[in-house]
Amino acid sequence: MPPAERQPPELDYAPPREPFLTVLHADDHLILVSKPSGILSVPGRGDHLQDCIATRARSLYAGARIVHRLDLDTSGIMVLGLTAEAHRVLSMQFEARKTRKRYLARVWGQVAGESGQVDLPLAFDPPNRPRQKVDHAAGRPSQTDWQVIAREAEATRLALTPLTGRSHQLRVHMCALGHPILGDPLYAEGPARSAAGRLQLHSEYLGFHHPADGRWIDAEDPCPF
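Per full-length UniProt numbering, the sequence shown starts with residue 1, numbered consecutively.
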């Protein structure tokens, strides 16, 4: 089990109770679930932060083990292993970047151009945990491909493909691009922060090799916004 997620001390945690757990697919080796915005992927520190996707999944599937995480405010598809071997094989794919991911985001303003890449190194921002920051001296390499999907009056809808898996990568990269994700409570300010009732970031696609037979799986979770 990954270590507990760092959370700001002022976090007012009230995860959605319904649905308890949306299972998109289940077999003897893994489950695919749709994580709603507002719930942790793994337990935080303290009794009030124990309700999470990992805990809910284990209550229905005794062997369920978290393979990867989504941020508290991010929604979308997650895969969990149901056996030790499935968990090992899936985890190795994530660590070796053998998986494919695609997110949908609504960002503030009109993004110039139709596609591009953000290539900026990221590091922890200790005085402002759990925030991350662009750090050209000590940051780890981080790349995100982006493509315009649609344009709105004051926002742009993007498909985001992370080529690396840094904490808060998409959120920091979009903010550094000058177009913070709408509703982001950590990185957006002013109208961009108040323009939506939740972070407008959703993991809509996950591709990976099935841990039992190696066949390629294309898993999708429709965007709710």
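Built from N, CA and C at the ideal position, the CB exists for glycine as well.
Could you tell me the boundaries of the beta strand (DSSP E) in which residue i lies?
{"i": "residue 217", "result": "216 to 220"}
{"i": "residue 100", "result": "100 to 108"}
{"i": "residue 22", "result": "22 to 26"}
{"i": "residue 81", "result": "75 to 81"}
{"i": "residue 118", "result": "115 to 119"}
{"i": "residue 203", "result": "201 to 209"}
{"i": "residue 34", "result": "30 to 35"}
Following the continuous alpha helix (DSSP H) through residue i, name the residue where it begins and the one where it ends.
{"i": "residue 169", "result": "169 to 176"}
{"i": "residue 56", "result": "53 to 60"}
{"i": "residue 95", "result": "84 to 95"}
Indicate the three-state DSSP secondary structure (helix, strand or coil) for residue i in the structure shown.
{"i": "residue 190", "result": "helix"}
{"i": "residue 185", "result": "coil"}
{"i": "residue 152", "result": "coil"}
{"i": "residue 225", "result": "coil"}
{"i": "residue 145", "result": "strand"}
{"i": "residue 49", "result": "helix"}
{"i": "residue 126", "result": "helix"}
Roughly how many whole angstroms lie between the Cα atoms of residue i and residue j?
{"i": "residue 100", "j": "residue 79", "result": "12 Å"}
{"i": "residue 165", "j": "residue 208", "result": "15 Å"}
{"i": "residue 73", "j": "residue 110", "result": "23 Å"}
{"i": "residue 213", "j": "residue 33", "result": "21 Å"}
{"i": "residue 97", "j": "residue 83", "result": "21 Å"}
{"i": "residue 167", "j": "residue 132", "result": "7 Å"}
{"i": "residue 225", "j": "residue 200", "result": "7 Å"}
Is residue i near the ligand MG, in the sense that its beta carbon is under 7 Å from a heavy atom of that ligand?
{"i": "residue 97", "result": "By its list of ligands, the structure shown contains no ligand whatsoever, and the ligand MG lies outside what it can speak to."}
Going by alpha carbons, who is nearest to residue i out of the options?
{"i": "residue 157", "options": "57, 92 and 104", "result": "104"}
{"i": "residue 88", "options": "71, 64, 75 and 102", "result": "64"}
{"i": "residue 137", "options": "123, 162, 47 and 127", "result": "123"}
{"i": "residue 67", "options": "85, 134, 225 and 90", "result": "90"}
Quick check on residue i: buried or exposed, where buried means 16 or more other Cβ atoms within 10 Å of its Cβ?
{"i": "residue 183", "result": "buried"}
{"i": "residue 102", "result": "buried"}
{"i": "residue 169", "result": "buried"}
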